[in-house]
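Chemist:
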Ligand code: F6R
């Protein structure tokens, strides 16, 4: 895994957005995998800025979101449908028919999950997957114990995740217990992957994912199996990495890096 460390959340978000723009400028009809939550807010804000000020074009882009809560209507302020529309999609020029987000209200989850997997394939597979990480080391909603070859499916959220995400809801009891999520296997098939993490509360999960053994107990550690996964961190999220000096050295010596 390539580890890229920036002093602040804003600089981390800008570095990750630069990576996304690089893919879109190379392949204007790229298929992107999208994450929600608080971590990618700065990244989406920067992409919107690039769209407005630098004409970054989304007119041929297709997106697949990682996950959605089960039981929340698309209009619910905490649904990921609502989040994506408000934070990102309504500010860019992506055609609505190119947006895929798992359904949290389907009456047939197995059939929907298969259709979602098939749709990713039909669109040519994901070119660039954006990921956050949970404090329990999850990617998407692949909680500890999820198979590293899992596919899109219905998943019961861990108590830790429900507690972490209760900050978005008025009452803790409102956090859905189930979600539909891409699997780790689905995610690992993306041609490129970037994971972003900030804040001291992510430091332990990040260290386990990057420097620990590959284990289904920390599903983000499955990214060690991906040939080109990149992890963008702010200083706080990076502060428990034992190889920190080495990552900084690599960055300094990277071909093309400012000297
Ligand atoms: C959301 C998702 C989750 C989050 C993770 C971190 O689509 O896939 O894995 O990335 O729970 O959430 P935040 O960014 O809110 O800390």
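Numbering (this note's numbering), first residue to last: -4 to 254.
The beta carbon of each residue, even a glycine, is placed where N, CA and C say it ideally should be.
1. Count the other CB atoms, across all protein chains shown, that sit within 10 Å of the CB of residue 124; report buried if there are 16 or more and exposed otherwise.
2. Straight-line CA distance for residue 122 to residue 237?
3. Around the Cβ of residue 249, are there at least 16 other Cβ atoms within 10 angstroms (buried) or fewer (exposed)?
4. Are three or more beta carbon pairs between the region 56 to 66 and the region 165 to 178 nearer than 8 Å?
5. Just the C-alpha distance for residue 74 and residue 141, rounded to the nearest angstrom, thanks.
6. When you compare only the Cα positions, how much space is there between residue 191 and residue 183?
7. Quick check on this structure: which residue in 76, 228, -2 has the alpha carbon closest to the alpha carbon of residue 195?
8. Establish whether the CB of residue 16 and some CB of chain D are separated by less than 8 Å.
9. Quick test of your reading: residue 215 and residue 128, contact by CB under 8 Å. State the CB separation rounded to the nearest angstrom.
10. Hey, would you say the C-beta of residue 32 is under 7 Å away from at least one heavy atom of ligand 1?
Modeler: The short version:
1. The residue in question, residue 124, is buried, as its Cβ has 16 or more Cβ neighbours within 10 Å.
2. 31 Å
3. By the Cβ-count criterion, residue 249 is exposed, with fewer than 16 other Cβ atoms from all chains shown falling within 10 Å of its own Cβ.
4. yes
5. 23 Å
6. Those two C-alpha atoms are separated by around 16 Å.
7. Closest option to residue 195, Cα to Cα, is 228.
8. Among the chains in the structure shown there is no chain D, since it carries only a single protein chain.
9. Taking C-beta atoms under 8 Å as the contact rule, residue 215 and residue 128 qualify, at a distance of about 5 Å.
10. yes
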